[in-house]
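Engineer:
Residue numbers (the working numbering): 20 to 454.
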């Protein structure tokens, strides 16, 4: 045989034009999101000084996002991920631009912030499923594993770098709201917060520009022109009929309910308790712990393509990873120094990052393209919908049990879930979906 063999696909997703445009826009948008995540709580505290108001704003953003994300997935399948994602970006840019203008002018009030937070949450309910469904329709299937790893690694980098850049902007612009939440915010504080919202607005505009340059591969059949609720029902029925999807989704729902709140609610308390006698304050220690978890997640995502070469079925990899995570989670509440917490959280992050890439790749390859938006929205609903409930349960439990007991129980429950799923369900035999 003579001549050079021609590879069926490019070896790296970076050689793919669509992937480069998606990465550029995603990096800008995700970094900009961190500016709002930092600035919005400060704005609420500067206007009211009331932690209850802050919790209300977070709920206004989170609850509609969780409730409407299933409808968002159905709309994605009906109108294409790119179109819905573009609508979401334009809506978010308008909302953040309005919030920036009102804040810079000193006209922002709590009712206005409440209304804008609700609208931003609704926009995210459509933007999140369209974003997760966009990548599998834009790169060749053989490159999806590497593309997912790179995209999620980029997201993790944005979550690490974004808050630092936001804090730098706020400091340079003269905005550091009083820790007690002054009722009357200074002009400098409003200017700094307004600039942070303006940066996020600009990133949505720029990412919409890059999204317009993406040309989805192939022709994807659109979902049937049926009612949105009927379309949501069809997505739920599709997941239920697929034995592997049904088993995994039910398993993930149980895990999210039992252990999801431990990281959200208990970690700040852990940071404060661990360093009570140390030179660092609680906020600084929390930053260190979150940074360790984020760095571990980033490393896990980076090495996910190598893990794909292991001769393990997808389900076996999932359950082994969760079992190891339970073993790392159990001793977290009984640590005595910052380095122990850092090591445990880095390990948890590594396992989580590796499994995230594997899960998104498996769903993206297993589900038919015209159903992918709904499948992704159901998967995200499991965590976005059950996370607040798990957090509330965790908060109630912490009124009666210690952190050490809580973390040990969560780790033991996660390990038990993985072991029982291995023994009594078909999950461990689920193979990786073909490229």
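The beta carbon of each residue, even a glycine, is placed where N, CA and C say it ideally should be.
Which of the three DSSP states, helix, strand or coil, is assigned to residue 125?
Structural biologist: coil
Engineer: Once you ignore the five residues that flank residue 180 on each side, which residues in its own chain have a CB closer than 6 angstroms to its CB?
Structural biologist: Cβ within range, chain order: n/a, list empty.
Engineer: In chain order, what residues of the same chain lie with their CB nearer than 7 angstroms to the CB of residue 63, ignoring the 5 residues before and after it?
Structural biologist: 72, 73, 76, 132
Engineer: What number of angstroms, rounded off, separates the C-alpha of residue 166 from the C-alpha of residue 125?
Structural biologist: 43 angstroms
Engineer: Would you kindly work out how many angstroms separate the C-alpha atoms of residue 276 and residue 429, rounded to a whole number?
Structural biologist: 10 angstroms
Engineer: Taking 8 angstroms as the threshold, find out whether the segment 51-68 comes into contact with the segment 252-268 through three or more Cβ pairs.
Structural biologist: no
Engineer: State the CB to CB distance for the pair residue 368 and residue 314, rounded to an integer number of angstroms; the pair is presumed to be in contact (CB under 8 angstroms).
Structural biologist: Indeed, because the Cβ distance is near 7 angstroms, the residues count as touching under 8 angstroms.
Engineer: For the pair the segment 161-176 and the segment 308-322, tell me if three or more CB-CB distances fall below 8 angstroms.
Structural biologist: Because the criterion of three Cβ pairs below 8 angstroms is met, the segment 161-176 and the segment 308-322 touch.
Engineer: I need the boundaries of the alpha helix (DSSP H) containing residue 444, first residue and last residue.
Structural biologist: Taken as a continuous stretch (DSSP letters only), residue 444 belongs to no alpha helix (DSSP H), as it is neither H nor E.
Engineer: Which complete alpha helix (DSSP H) runs does the segment 80-153 hold, if anything under 4 residues is left out?
Structural biologist: Complete alpha helix (DSSP H) runs here, min 4: 100-123, 129-153.
Engineer: Would residue 437 be called buried (16 or more neighbouring beta carbons within 10 Å of its own) or exposed?
Structural biologist: Flag for residue 437 reads buried.
Engineer: Quick one: using the 10 Å Cβ neighbour count with 16 as the cut-off for buried, is residue 208 buried or exposed?
Structural biologist: Answer is buried; the Cβ neighbour count reaches 16.
Engineer: Considering Cα atoms alone, identify which of 405, 440, 362 is closest to residue 341.
Structural biologist: In terms of CA proximity to residue 341, 440 leads the group 405, 440, 362.
Engineer: Could you say if the segment 383-396 and the segment 147-155 meet the contact criterion of at least three C-beta pairs nearer than 8 angstroms?
Structural biologist: yes
Engineer: When the Cα atoms are used, what is the spatial distance from residue 26 to residue 225?
Structural biologist: The predicted model places residue 26 with a pLDDT of 42, which falls under 50 and marks its position as unreliable, so this point remains unresolved.
Engineer: Would you mind sorting residue 328 into buried or exposed? The rule is 16 or more other CB atoms within 10 Å of its CB.
Structural biologist: For residue 328, the number of other beta carbons within 10 angstroms of its own is below 16, and it is reported as exposed.
Engineer: Is residue 208 helix, strand or coil by DSSP?
Structural biologist: The three-state secondary structure of residue 208, taken from DSSP, is helix.
Engineer: Would you tell me roughly how many angstroms separate the C-alpha atoms of residue 343 and residue 371, rounded to the nearest one?
Structural biologist: 10 angstroms
Engineer: When the Cα atoms are used, what is the spatial distance from residue 298 to residue 232?
Structural biologist: Because residue 298 sits at a pLDDT of 44, beneath the cut-off of 50, its placement in the model cannot be relied upon, and the point is left open.
Engineer: Examine the Cβ distances between the segment 86-105 and the segment 415-433 and report whether three or more of them are shorter than 8 angstroms.
Structural biologist: no
Engineer: If you draw a straight line from the C-alpha of residue 45 to the C-alpha of residue 139, how long is it?
Structural biologist: 18 angstroms
Engineer: Quick check: what's the CA-CA separation for residue 378 versus residue 148?
Structural biologist: 15 angstroms
Engineer: Please report the residue range of the alpha helix (DSSP H) in which residue 36 lies.
Structural biologist: 36-67
Engineer: Under 9 angstroms, do residue 399 and residue 151 count as touching if we go by C-beta distance?
Structural biologist: yes
Engineer: Anyone know if the C-beta pair for residue 177 and residue 52 falls short of 9 angstroms?
Structural biologist: Contact flag set, yes.
Engineer: Verify whether the separation of the beta carbon atoms of residue 146 and residue 107 is less than 9 angstroms.
Structural biologist: yes
Engineer: Would you tell me roughly how many angstroms separate the C-alpha atoms of residue 358 and residue 258, rounded to the nearest one?
Structural biologist: 42 angstroms
Engineer: Just verifying my parser: in three-state terms, what is the DSSP assignment at residue 192?
Structural biologist: coil
Engineer: Tell me the rounded alpha-carbon separation between residue 23 and residue 159.
Structural biologist: Bear in mind that a pLDDT of 42 at residue 23, under 50, signals an unreliable position, so the model cannot answer this.
Engineer: Using a 10 Å radius around the Cβ and a threshold of 16 neighbouring Cβ atoms, would you call residue 97 buried or exposed?
Structural biologist: buried
Engineer: To the nearest angstrom, report how far apart residue 295 and residue 116 are at their CA atoms.
Structural biologist: At residue 295, the pLDDT of 47 sits below 50, so the modelled position is not reliable; the number obtained from the coordinates is stated separately. So the alpha carbons of these two residues sit roughly 41 angstroms apart.
Engineer: Is residue 155 helix, strand or coil when you go by DSSP?
Structural biologist: helix
Engineer: Could you give the distance in angstroms between the alpha-carbon of residue 141 and the alpha-carbon of residue 355?
Structural biologist: 42 angstroms
Engineer: What is the rounded straight-line gap between the Cα of residue 247 and the Cα of residue 350?
Structural biologist: 46 angstroms
Engineer: The alpha helix (DSSP H) with residue 249 in it runs from where to where?
Structural biologist: 247-260
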